[in-house]
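Novice: Letter by letter, the sequence shown follows residues 415 to 614 of my numbering. The beta-carbon is built from N, C-alpha and C at its ideal position, and this holds for glycine as well. Predicted model only: the values in this text are computed from it and were never measured. There's a structure below that I have some questions on.
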Amino acid sequence: MKTLILSGIRCFLMFTAAGAFSVAHPAKANPITNGGFETGDFTGWTVSDRRVFVTRTFNGIAPHSGHYQAVFTGNDIIDQLPAIIPGQSYTFDFWLAHVAGPGPGGEFAAVFGSLLLFIFDQPSFGYTHYTFDVTATAPTRILFGTVSRGGERWLLDDVSLTPTGVSVPDSGSTASLLGFALLGLAGLRRKLSKLYFVRS
């Protein structure tokens with residue numbers, strides 16, 4: 415399957431003066447809990463709406479790997495606050511599939527900390543790999559959310575964060591959650607930002 419590498423999206427929000435250096439920390443391999451939903455439920459995730467669920471094969475689409483996948487069917491949000499290292503660079507990736515509905519399309523969004531990394535409203539497609547280069551702040555929440563308008567379904571699997579071995583100076587400050595103020599789609603902004611600000 416085609417891998418879409420969206421580079422250049424960096425979360426260098428709190429640079430210190432040039433010449434500063436960061437102290438190396440041991441990085442935990444994939445700090446995402448239950449990124450493949452292999453517990454058969456949302457263990458490790460906070461869920462906003464019970465219309466999102468974990469299942470095996472759905473509408474003829476098998477999970478990307480393992481036995482389970484998450485299915486978004488309405489205005490849904492799942493999020494998690496992984497134990498990541500401030501200033502550490504990561505590869506943030508996931509697999510996504512879309513089953514279009516009979517009505518107008520909705521949107522799927524992926525958020526890392528204060529960054530809206532991805533917003534999608536394309537027709538049906540099978541599992542596709544999306545990869546982002548990001549740098550952690552403290553704390554950094556990841557979030558996936560959907561706005562449904564026409565009965566479409568979004569399938570998510572294999573969410574992971576992989577340390578890249580690169581770190582940047584960390585100021586110790588918590589990133590401001592301004593990313594949602596920049597969302598171009600008003601409906602998604604109202605739905606996602608309200609819940610995201612409450613949880614952060």
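Measuring alpha carbon to alpha carbon, tell me which residue in Ser528, Gln502 and Arg567 is nearest Phe539.
Specialist: Among Ser528, Gln502 and Arg567, the Cα nearest to that of Phe539 belongs to Arg567.
Novice: Per DSSP, which one or two residues make a beta bridge with Arg563?
Specialist: In DSSP, Arg563 forms no bridge with anything.
Novice: Rank Pro518, Phe508 and Gly579 by C-alpha distance to the C-alpha of Arg563 and give the top, closest one.
Specialist: Comparing Cα-Cα distances from Arg563 to each of Pro518, Phe508 and Gly579, the minimum goes to Pro518.
Novice: Quick one: grab the DSSP three-state call for Ile491.
Specialist: In the structure shown, Ile491 sits in a strand (DSSP, three-state: E or B).
Novice: Straight-line CA distance for Ile446 to Thr471?
Specialist: Whole-angstrom Cα-Cα distance: 23 Å.
Novice: Would you say Glu566 reaches chain D, if we count a Cβ-Cβ gap shorter than 9 Å as a contact?
Specialist: The structure shown contains no chain D; it is built from a single protein chain.
Novice: Go through the region 472-537 residue by residue and report every complete run of the beta strand (DSSP E) that reaches 3 residues or more, in order.
Specialist: If we require 3 residues or more, the beta strand (DSSP E) runs fully inside the region 472-537 come out as 483-486, 491-494, 502-513, 521-526 and 529-534.
Novice: Is it right to say Asn473 is buried, meaning 16 or more other beta carbons lie within 10 angstroms of its own, or is it exposed?
Specialist: It counts as exposed.
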